[in-house]
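What follows is one structure encoded as structure tokens, with my remarks underneath.
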Amino acid sequence: AIRPPMNASATMNASPAPIPRAVPAPRRRRRPSPRSPVTRAVLGSSDDFLAADGTSSPTPPFRPPPSLCSSAATEARNVLRVLREGAVEGDPAVPRRVRVELPLPPADVRTDEMRYLGLHGQAADWSGGMSQRLRVTKTYVEENMLDGYDWEYLGLLDRDADGMAVWTCGENMTVVTHPSDTTMRFFLDLADGVYGERVKKKDHVLVVVNAFWSGNGEKVGQPWEFGLKKRAAVALAPETGDWEKVYVARRVRSAAGAEGTLRRAWPGRWQLFDAEGVALIGEWTPREGEPSNREIAETLNEAAGAADAAGFNRSSVDTSRDTDVIT
Numbered sequence: 001a002i003r004p005p006m007n008a009s010a011t012m013n014a015s016p017a018p019i020p021r022a023v024p025a026p027r028r029r030r031r032p033s034p035r036s037p038v039t040r041a042v043l044g045s046s047d048d049f050l051a052a053d054g055t056s057s058p059t060p061p062f063r064p065p066p067s068l069c070s071s072a073a074t075e076a077r078n079v080l081r082v083l084r085e086g087a088v089e090g091d092p093a094v095p096r097r098v099r100v101e102l103p104l105p106p107a108d109v110r111t112d113e114m115r116y117l118g119l120h121g122q123a124a125d126w127s128g129g130m131s132q133r134l135r136v137t138k139t140y141v142e143e144n145m146l147d148g149y150d151w152e153y154l155g156l157l158d159r160d161a162d163g164m165a166v167w168t169c170g171e172n173m174t175v176v177t178h179p180s181d182t183t184m185r186f187f188l189d190l191a192d193g194v195y196g197e198r199v200k201k202k203d204h205v206l207v208v209v210n211a212f213w214s215g216n217g218e219k220v221g222q223p224w225e226f227g228l229k230k231r232a233a234v235a236l237a238p239e240t241g242d243w244e245k246v247y248v249a250r251r252v253r254s255a256a257g258a259e260g261t262l263r264r265a266w267p268g269r270w271q272l273f274d275a276e277g278v279a280l281i282g283e284w285t286p287r288e289g290e291p292s293n294r295e296i297a298e299t300l301n302e303a304a305g306a307a308d309a310a311g312f313n314r315s316s317v318d319t320s321r322d323t324d325v326i327t
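Quick note on my numbering: the sequence shown kicks off at 1 and runs consecutively.
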């Protein structure tokens, strides 16, 4: 099971002297813009919206973020459909190796509601460990994300690849769940075609669902596995253009208590909504990339009129995946 380190937040805040607050250059948050044809295919068109008086709305409306985990998985299906069609047609703008972040409900609770569970939902205490988490993920993958596809479940990638289930969708898409620092060897073998050459074809899309790896391979494997670390660093390097997060739906919260929903659906922007999902309060372009924890927190606090809390984690890459606290 993936469990947060004990008393991590207390350790981080145990410095005897105040730490000067870093002030990075702010990234401008943009208002919604008209959607491209691909974005309309993914999330639905609202460009022709008219106000009640028949006039055009000065601010293009948006589709509210999902409030249910099943709805998020269905949105991810729409993104994968566009990617798969583009790959088959040979569209060079379509990424072939991508990541999807699906929200999961709280462990051991019968609900489909999206709730804040820590950074990327990984702070949930799954009493049944990765096996239980995989059972829940498998349900959303098969009943929602792959609904309508001619898919085949192949089981675990390897008996030692904890949580790494594999599906194929025809000849053009493979889905794998939960690759992590500890199971990276199996994932790299899959990507390199050891388990089958199909994944290396140009018209094939390899989809990673809820990956657990950290950074660009720095923490992969055991400390003495230098060859594996080097191999992972090459495969996960941002310069490859692979492993873009093409769909994300995540409940977020600042340390001041302000909540919201972060969503990104390829090829659209990263969008941050208020707690109720009725207001779009922040937007970042794909070129700007995923907003940092601090940017998310400051935007949530500003929209909610909440005061900044004392501390923050600047980057999810540099902090614990389980104990992340944002202000």
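From the three backbone atoms N, C-alpha and C, an ideal C-beta is built for every residue, glycine too.
Can you tell me the Cα-Cα spacing of residue i and residue j, whole angstroms?
{"i": "Arg110", "j": "Gly90", "result": "42 Å"}
{"i": "Ala93", "j": "Val176", "result": "23 Å"}
{"i": "Ala307", "j": "Leu157", "result": "47 Å"}
{"i": "Gly257", "j": "Trp151", "result": "41 Å"}
{"i": "Arg269", "j": "Thr285", "result": "5 Å"}
{"i": "Glu85", "j": "Val194", "result": "25 Å"}
{"i": "Ala107", "j": "Ser127", "result": "8 Å"}
{"i": "Asp181", "j": "Val207", "result": "17 Å"}
{"i": "His178", "j": "Leu117", "result": "17 Å"}
{"i": "Asn144", "j": "Leu236", "result": "28 Å"}
{"i": "Glu171", "j": "Asp162", "result": "25 Å"}
{"i": "Pro291", "j": "Glu283", "result": "9 Å"}
{"i": "Lys202", "j": "Ala255", "result": "44 Å"}
{"i": "Ala297", "j": "Ala275", "result": "13 Å"}
How about residue i and residue j: do their beta carbons lie closer than 9 Å?
{"i": "Met114", "j": "Thr261", "result": "yes"}
{"i": "Leu80", "j": "Tyr140", "result": "no"}
{"i": "Arg99", "j": "Lys245", "result": "yes"}
{"i": "Val166", "j": "Tyr153", "result": "yes"}
{"i": "Tyr247", "j": "Glu75", "result": "yes"}
{"i": "Ala265", "j": "Trp243", "result": "no"}
{"i": "Arg77", "j": "Ala87", "result": "no"}
Let's see if you can read the secondary structure: which residues bound the alpha helix (DSSP H) around residue i?
{"i": "Gly128", "result": "No alpha helix (DSSP H) holds Gly128; DSSP gives it neither H nor E."}
{"i": "Gly170", "result": "No alpha helix (DSSP H) holds Gly170; DSSP gives it neither H nor E."}
{"i": "Leu300", "result": "Asn293 to Ala304"}
{"i": "Leu83", "result": "Cys69 to Glu89"}
How far does the beta strand (DSSP E) with residue i in it reach, from first residue to last?
{"i": "Leu104", "result": "First-last for Leu104: undefined, no H or E at that position."}
{"i": "Gly282", "result": "Leu280 to Trp284"}
{"i": "Gly155", "result": "Trp151 to Leu156"}
Given that a residue counts as buried once 16 or more other Cβ atoms are within 10 Å of its Cβ, and exposed if not, what is residue i?
{"i": "Arg159", "result": "exposed"}
{"i": "Trp213", "result": "buried"}
{"i": "Val82", "result": "buried"}
{"i": "Arg287", "result": "exposed"}
{"i": "Thr183", "result": "buried"}
{"i": "Ala279", "result": "exposed"}
{"i": "Ser36", "result": "Any reading at Ser36 must be qualified, since the residue scores a pLDDT of 45, below 50, and its modelled position is unreliable; the value itself is stated next. Result: exposed."}
{"i": "Thr174", "result": "buried"}
{"i": "Gly217", "result": "buried"}
{"i": "Asp192", "result": "exposed"}
{"i": "Lys200", "result": "exposed"}
{"i": "Ala222", "result": "Looking at the sequence itself, residue 222 is Gln, so the reference to Ala does not match. Per the 10 Å Cβ criterion, exposed."}
May I ask you to check if the CB of residue i is nearer than 8 Å to at least one heavy atom of the ligand HEM?
{"i": "Leu206", "result": "As far as ligands go, the structure on display features none, and thus does not contain the ligand HEM."}
Exercise. Let me know the beta strand (DSSP E) ranges lying completely inside the stretch 211-269, each 3 residues or longer, listed in chain order.
Key: 244-253 and 259-265
Quiz item: What are the complete alpha helix (DSSP H) segments, minimum 4 residues, inside the stretch 161-206?
Solution: 184-191
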